[in-house]
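Trainee: One structure is given below, represented as structure tokens, and several questions about it will come after.
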Amino acid sequence: MIRILLSLAIAAAAYFGPWLLDSTGQILGASFTEPVLGSAFVDSTIGCLMDGKISMSGECAPAYGLFGQLVLATVALGVLSAALSVIGLVPLIGRLTSLVTIVAGVAAIVTFGWFAKEVFTTEQAAFSDFRWGAYATAAFGLITIFAGLSGLRGNND
623 MIRILLSLAI AAAAYFGPWL LDSTGQILGA SFTEPVLGSA FVDSTIGCLM DGKISMSGEC
683 APAYGLFGQL VLATVALGVL SAALSVIGLV PLIGRLTSLV TIVAGVAAIV TFGWFAKEVF
743 TTEQAAFSDF RWGAYATAAF GLITIFAGLS GLRGNND
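Throughout the sequence shown, residue numbering follows the working numbering, covering 623 to 779 in sequence.
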């Protein structure tokens, strides 16, 4: 059960949480006066999926390049992991879905790591550029990896 909640927490933190405040425009190429939410990166792709277009190019591409793609992967893997974990309440399948849970956690940490690399390679990098959505995504990712590893061992949720 905890794998379901943690996977949904990853998706929610990555999508709804504020990631950064880029007032200089050095990180994303455009300056913002308000914190940038994860939804700013993936709304175009999710809108296309809701309209029935299955494409990740052109107008359906995630915004801001690789970072948008990583946020989209984190959200998608979090939702997929939660859905599979519901099915995974059956004992044998539960161990198999633990692998997807681990992958979702790794995706969250990789997204945060790439984001941190991008922030700290700018000239005016500071921890104040990070917002709670970035930290929450990484924290939930790490905890989700531990929950997935526990599920592989066969412990009950």
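Positions of the beta carbon are idealized from the N, C-alpha and C atoms, including for glycine.
1) What are the complete alpha helix (DSSP H) segments, minimum 4 residues, inside the region 686-757?
2) CB-CB under 6 Å to alanine 704, same chain, minus the five flanking residues each way: which ones, in chain order?
3) What do you get for serine 677, buried or exposed, if any count of 16 or more other CB atoms within 10 angstroms of its CB means buried?
4) With a threshold of 8 Å on Cβ separation, who are the neighbours of tryptophan 736 within its own chain once the five nearest residues in sequence on each side are excluded?
5) Tell me the rounded alpha-carbon separation between glycine 763 and isoleucine 632.
6) Looking only at its own chain, which residues have a Cβ that is under 6 Å from the Cβ of phenylalanine 768, when we skip the five neighbours before and after it?
7) If we count Cβ pairs, one from each stretch, closer than 8 Å, do we get three or more for the region 722-733 versus the region 693-712?
8) Between the C-alpha atoms of glutamate 681 and glycine 770, what's the straight-line distance to the nearest angstrom?
9) For the beta strand (DSSP E) that contains leucine 642, what are its first and last residues?
Mentor: Once the coordinates are examined:
1) 687-709, 713-742
2) Ile626, Ser629, Leu630
3) Exposed.
4) These residues qualify, in order along the chain: Leu688, Phe689, Leu692.
5) Between glycine 763 and isoleucine 632, the alpha-carbon positions lie close to 6 Å from each other.
6) none
7) yes
8) 35 Å
9) 640-642
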